[in-house]
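Once you know that position 124 of the sequence shown is 285 in our numbering, the rest is easy, because the numbers rise by one and skip nothing.
Glycine included, each C-beta is placed from N, C-alpha and C at the ideal position.
Report on the structure given below.
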Amino acid sequence: RRPAAEAVRSFLMLRFGLHLGLRQKNLRQLMVSERGRLPRSERQLADMKRGELRWSEREQGWEVLIPSVAFKNANSSFFGSKPFRLVLPNLGGLYEHIEAYIDRHRRVLLGGTEDPGTFFIKTVKATSKDAAYDRNTFYEAWRQVIQRYGIYNPYTHRGVIVGLLPHGPHNVRDVLATHILKQ
Numbered sequence: 162r163r164p165a166a167e168a169v170r171s172f173l174m175l176r177f178g179l180h181l182g183l184r185q186k187n188l189r190q191l192m193v194s195e196r197g198r199l200p201r202s203e204r205q206l207a208d209m210k211r212g213e214l215r216w217s218e219r220e221q222g223w224e225v226l227i228p229s230v231a232f233k234n235a236n237s238s239f240f241g242s243k244p245f246r247l248v249l250p251n252l253g254g255l256y257e258h259i260e261a262y263i264d265r266h267r268r269v270l271l272g273g274t275e276d277p278g279t280f281f282i283k284t285v286k287a288t289s290k291d292a293a294y295d296r297n298t299f300y301e302a303w304r305q306v307i308q309r310y311g312i313y314n315p316y317t318h319r320g321v322i323v324g325l326l327p328h329g330p331h332n333v334r335d336v337l338a339t340h341i342l343k344q
């Protein structure tokens with residue numbers, strides 16, 4: 162059960178990183194509102210300086226809403242004091258994975274400890290009772306995902322990209338930003 166929960170979390174970390182292009186802090190602090198529950202208001206999120214993953218009845222999809230004040234460059238003209246809002250595309254069964262993670266896998270990872278309310282949570286073990294990621298643990302988790310699933314290993318035939326080096330989530334953000342600027 163735990164390996165499956167960790168694999169789904171890893172998959173979602175990569176997918177969210179690629180779809181959203183957010184800074185590590187914004188990914189790490191992303192709150193979650195379960196489907197069917199009332200999501201936090203924009204004001205509540207602004208006070209918390211955090212975003213939230215929530216189900217949008219209107220769009221019939223999983224939406225990420227992040228108030229502009231949650232971003233490092235909150236005062237830039239890009240935001241214009243408006244929140245970042247994106248309905249995630251349901252490509253490759255993304256919604257099914259999100260729902261399985263929320264409904265089953267987060268509970269396994271929490272192991273009976275207090276839920277910090279963030280979408281991404283650590284596996285709670287005897288040595289770490291806090292399920293919330295901090296800057297270092299999130300970076301390390303991302304690096305492990307890249308090492309395990311991203312870098313092609315010719316001996317085990319696992320991984321996808323030959324020559325890929327371990328990297329953190331900010332590298333993905335840089336590549337996405339460069340790609341957008343070149344278009």
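C-alpha distance - residue i paired with residue j, whole-angstrom precision
i	j	result
Leu-188	Asn-297	13 Å
Pro-200	Arg-219	13 Å
Asp-264	Glu-167	14 Å
Arg-204	Arg-215	15 Å
Gln-190	Thr-317	34 Å
Trp-223	Tyr-256	7 Å
Asn-385	Pro-164	In this structure the chain extends from 162 to 344, so residue 385 is not present and cannot be described.
Tyr-310	Ile-322	9 Å
Arg-269	Glu-275	Per the sequence shown, residue 269 should be read as Val rather than Arg. Their backbone Cα atoms lie some 12 Å apart in a straight line.
Thr-288	Val-225	32 Å
Asn-234	Leu-183	12 Å
Opposing strand residues paired with residue i [DSSP bridges]
i	result
Thr-279	Met-192
Phe-245	Ile-227
Arg-215	Glu-224
Lys-286	Ser-289
Asn-251	None; Asn-251 has no bridge partner.
Ile-322	Ile-312
Contacts around residue i, its chain only, beta-carbon distance under 7 Å, and the 5 residues preceding and following it disregarded
i	result
Gly-308	The sequence shown places Gln at residue 308, not Gly. Contacts found: Pro-327.
Trp-303	Met-174, Gly-329 and Pro-330
Val-306	Ser-171, Met-174 and Leu-175
Gly-320	Tyr-310, Gly-311, Ile-312, Tyr-313 and Asn-314
Lys-243	Ser-229
Close-in-space but distant-in-sequence residues of the same chain around residue i (CB under 6 Å, 5 per side omitted)
i	result
Phe-245	Ile-227
Cβ-based neighbour list, residue i, same chain, cut-off 8 Å, excluding 5 preceding and 5 following
i	result
Gly-197	Trp-216
Three-state secondary structure (DSSP) of residue i
i	result
Phe-232	coil
Original post:
In chain order, which alpha helix (DSSP H) runs of at least 4 residues are fully inside the region 289 to 320?
Top reply: 296 to 306
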